[in-house]
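Undergrad: Residue numbers (this note's numbering): 9 to 456. The C-beta atom is built at its ideal place from N, Cα and C for all residues, glycine as well. Because the structure is a prediction, the values reported are computed rather than measured. Just dropping this structure here.
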Amino acid sequence: MHVLLSKKIARFLLISFIFVVALIMALKHPATKEISGQYLGPYLPESFRSTAKISVEEQRRIQREKEEAELKQSLEQAAIKNATEYAIKEKIKSYGGNETTLGFMVPSYINHGGSPPKACFVSLITDKDPIAQIIESISNVQEKFNKKFAYPWVFISLGKLDGSKENMISQTITDTMNGDSKVVDIKFISLSPEEWVYPEWVDENKAAESLIALANMPDGDSRAVRYQARFWAGFFWKHPSLKNFDWYWRVDPGIKLYCDIDYDVFRWMQDRGKVFGFTLSMSEAKEANEKIWDVTKKFAKDFPKYIIEDKDNFKAFITKKDSDDFNNCEFKSNFEIGNLNFYRSPAYRNFFDVIDKEGGIFYYKWSESIIHTIGLSILLPKDKIYFFENIGFHYDKYDNCPLNDDIWSQYKCDCDQGNDFTFRSGSCGEHYFDILKKDKPEGWNKLP
Ligand SMILES: *[C@@H]1O[C@H](CO)[C@@H](O)[C@H](O)[C@H]1NC(C)=O
Ligand SMILES: *[C@@H]1O[C@H](CO)[C@@H](O)[C@H](O)[C@H]1NC(C)=O
């Protein structure tokens, strides 16, 4: 009886053992794995689960497909890149090579896969600027435009800016970005005061006489303002801090924007092939611009390859009606949106060198406004220059306030149209509209 029972137990154990071994082998079989992975996956022990999902062949197939897709994508990207490079080369060729101003600027008009233009705000801060005014201008530009677009700022000062001023400026920008200090990149750049000197070829006595002779015009007796003019006309665009930028928007302490700018102005300029935008123009006192027109005419004669033909350029803006006489009209530089590569082009560099060597910035009062304006007007086709009628702007005693009611309300302008300077005496707005045969806004001639 005992023997019989233990035999039964032994047989049972043997059968159970064989069954378990068979079960384990069955579960390890690829076919079973697939099924068990599908249905039993979650319940199987760890050692079965991970490998149970897909077969080795399947894994290899997936890996192969992934590699093929990556290769295809990189080939496509290379083809796009090649096509773009080819298109750029062809475009440059069509303008007559990269020595021409437009040819030189071609790469900065490529919309690289829709990424934002490489643009920044540039602000020169001097000791004379009250911090309240600086803050107000920055805060206003942020509120009216940049809180939506988050373009970086570059602040340039002569000597290091006081740390508390830097903090206030950064905080002002952060406040307009919902308190997030990481969205807008801010750089503080200091110029060495040694850079703010007369260039070696300038006769200091002659320069000193000019400070006295022009003392009764605004900033006529200011040496600092002349250094600043030289900086804006010939140096800011080659400063290393702007090296990676194609576009700039100048923001001066004391300026104000009146209207909401709800579109990306830099992108707009880039997409339409514009080079320079202004809001205020005016006729400068002719004493300040003594000789500059003669120097310009000589430059045009010496460097004809850089000059755009009169029928296409904007010389009409800076000359009197039906004559070749200079009219002292300028785009006021307290507001400028422009392509930095214009100034970096061989044409403008040569033009600036000739202007600079004359010393007229110091012997008279050639300003960056007049130097930029002449350069733009003779070195570019006129359609590259644009009047921003819709950007309400204030500086000093001058307002650009849209007279066109549709623009005024569409852009939610908070300015008095009665203060618009565009068509008043002293402005070059009427001349601008006339030479371009543009329709003037209603009521343009009703203002005093
Ligand atoms: C790049 O484009 C040019 C012109 O279309 C073509 O001749 C050249 O073979 C292309 N190179 C590559 C690497 O695709
Ligand atoms: C024009 O292109 C050539 C070749 O790419 C380059 O070496 C040269 O420096 C460029 N010139 C200017 C003015 O950028």
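Should Leu110 be flagged as near chain B, meaning a C-beta pair shorter than 9 Å?
TA: Included in the structure is just one protein chain, with no chain B present.
Undergrad: Relative to the C-alpha of Pro449, which residue among Asp422, Asp424, Gly434 and Asp414 is closest?
TA: Residue mapping note: residue 449 aligns to position 441 of the sequence shown, counting from 1. Residue Asp414 is the option with its Cα nearest to Pro449.
Undergrad: Excluding the 5 residues preceding and the 5 following Ser435 in the sequence, name in chain order all residues of the same chain whose CB lies nearer than 7 Å to its CB.
TA: Locating residue 435 in the sequence shown gives position 427, counting from the first residue. Result list for Ser435: Ser289, Met290 and Phe429, in chain order.
Undergrad: In three-state terms, what does DSSP make of Leu166?
TA: Looking up residue 166 in the sequence shown gives position 158. Residue state, collapsed to three classes: strand.
Undergrad: Assess, as a yes-or-no matter, whether the segment 157-167 is touched by the segment 197-204 under the definition of 3 or more beta carbon pairs within less than 8 Å.
TA: Short answer: they touch.
Undergrad: At a cut-off of 8 Å, would you count Gly105 as near ligand 2, judging by its Cβ distance to the nearest heavy atom?
TA: Position 97 of the sequence shown holds residue 105. Yes, ligand 2 has a heavy atom inside 8 Å of this Cβ.
Undergrad: Verify whether the separation of the beta carbon atoms of Pro410 and Gly400 is less than 9 Å.
TA: Numbered from 1 along the sequence shown, position 402 holds the residue referred to as residue 410. Numbered from 1 along the sequence shown, position 392 holds the residue referred to as residue 400. Cβ distance < 9 Å, so Pro410 and Gly400 count as in contact.
Undergrad: Look up Asp428 in the DSSP assignment and say whether it is helix, strand or coil.
TA: The residue given as residue 428 occupies position 420 in the sequence shown. Asp428 falls in the strand class under three-state DSSP.
Undergrad: What's the gap between the Cα of Ile382 and the Cα of Lys323?
TA: Counted from its first residue, the sequence shown places residue 382 at position 374. Counted from its first residue, the sequence shown places residue 323 at position 315. For Ile382 and Lys323, the distance between alpha carbons rounds to 8 Å.
Undergrad: Please state whether DSSP places Ser44 in a helix, a strand or coil.
TA: In the sequence shown, counting from the first residue as 1, residue 44 sits at position 36. For Ser44, the predicted structure reports a pLDDT of 49, less than 50, and the residue's modelled location is therefore unreliable. A value from the coordinates is still provided. Looking at Ser44 - three-state DSSP - the assignment turns out to be helix.
Undergrad: For the segment 143-160 and the segment 178-187, state whether three or more C-beta atom pairs, one from each stretch, are separated by less than 8 Å.
TA: Because the criterion of three Cβ pairs below 8 Å is met, the segment 143-160 and the segment 178-187 touch.
Undergrad: Can you determine whether any heavy atom of ligand 2 sits closer than 8 Å to the C-beta of Pro354, and answer yes or no?
TA: Position 346 of the sequence shown holds residue 354. True, at least one ligand heavy atom lies under 8 Å from that Cβ.
Undergrad: Under 8 Å: does the beta carbon of Phe311 sit that close to some heavy atom of ligand 3?
TA: Looking for ligand 3 in the displayed structure turns up nothing; the ligands present are ligand 1 and ligand 2.
Undergrad: Starting from the Cα of Gly285, find the closest Cα among Asp188, Tyr266, Glu144 and Asp391 and give me that residue.
TA: As a first step, residue 285 is located in the sequence shown; it is residue number 277 there, counting from the start. Out of Asp188, Tyr266, Glu144 and Asp391, Asp391 has the C-alpha closest to the C-alpha of Gly285.
Undergrad: Would you kindly report the start and end of the unbroken alpha helix (DSSP H) that includes Phe274?
TA: For the purposes of this step, residue 274 is taken as the residue at position 266 of the sequence shown. From DSSP, the alpha helix (DSSP H) with Phe274 extends over Val273 to Asp279.
Undergrad: Count the other C-beta atoms from every protein chain shown that fall within 10 angstroms of the C-beta of Pro125, then say buried if there are 16 or more, exposed otherwise.
TA: Position 117 of the sequence shown, counted from the start, is the residue given in the question as residue 125. Classification of Pro125: buried, given that the 10 Å Cβ count is 16 or more.
Undergrad: For Asp447, which residues in the same chain have their Cβ closer than 7 Å to its Cβ, ignoring the five residues on either side in sequence?
TA: For this step, residue 447 is matched to residue 439 along the sequence shown. Contacts found: none.
Undergrad: Hey, how far is the Cα of Met176 from the Cα of Phe157?
TA: To locate residue 176, count along the sequence shown from 1; it is residue 168. To locate residue 157, count along the sequence shown from 1; it is residue 149. Roughly 21 Å between the two C-alpha positions.
Undergrad: So, under 8 Å CB-CB, Trp257 and Phe129 are touching, yes? Tell me the CB distance rounded to an integer number of Å.
TA: Taking the sequence shown and counting its residues from 1, one reaches residue 257 at position 249. Taking the sequence shown and counting its residues from 1, one reaches residue 129 at position 121. Right, the Cβ-Cβ distance comes to about 5 Å (below 8 Å), so this counts as a contact.
Undergrad: Using only the alpha-carbon positions, how far apart do Asp364 and Leu79 sit?
TA: Counting from 1 along the sequence shown, the entry for residue 364 is found at position 356. Counting from 1 along the sequence shown, the entry for residue 79 is found at position 71. Cα to Cα, the separation comes out at about 54 Å.
Undergrad: Would you call the CB atoms of Ile263 and Ile378 closer than 9 Å?
TA: On the sequence shown, residue 263 is found 255 positions in, with the first residue counted as 1. On the sequence shown, residue 378 is found 370 positions in, with the first residue counted as 1. Not closer than 9 Å, so no.
Undergrad: Between which two residues does the alpha helix (DSSP H) holding Ala296 run?
TA: For the purposes of this step, residue 296 is identified with residue 288 of the sequence shown, where counting begins at 1. Looking at the DSSP string, Ala296 is not in any alpha helix (DSSP H), and its letter there is neither H nor E.
Undergrad: Could you check if His439 is buried or exposed, using at least 16 other CB atoms within 10 Å of its CB as the buried criterion?
TA: What you label residue 439 is simply residue 431 of the sequence shown in a count that begins at 1. Classification of His439: buried, given that the 10 Å Cβ count is 16 or more.
Undergrad: Can you find the residues in the same chain that come closer than 7 Å, C-beta to C-beta, to Cys421, ignoring five residues on each side of it along the sequence?
TA: Here the question's residue 421 lines up with position 413 in the sequence shown. Tyr266, Cys267, Gly400, Cys409 and Pro410, listed in sequence order.
Undergrad: Compute the distance between the beta-carbons of Phe274 and Trp255, then report whether it is under 9 Å.
TA: What you label residue 274 is simply residue 266 of the sequence shown in a count that begins at 1. What you label residue 255 is simply residue 247 of the sequence shown in a count that begins at 1. The answer is yes: Cβ separation under 9 Å.
Undergrad: In the DSSP assignment, the beta strand (DSSP E) including Phe239 goes from what residue to what residue?
TA: For the purposes of this step, residue 239 is taken as residue 231 along the sequence shown, with counting starting at 1. Counting along the chain, Phe239 falls outside any beta strand (DSSP E), though it belongs to the alpha helix (DSSP H) covering Arg231 to Gly242.
Undergrad: Using the three-state DSSP reduction, which class does Ile370 fall into: helix, strand or coil?
TA: Looking up residue 370 in the sequence shown gives position 362. A small correction: the amino acid at residue 370 is Phe; Ile does not occupy that position in the sequence shown. Of the three classes helix, strand and coil, the one that applies to Phe370 here is helix, per DSSP.
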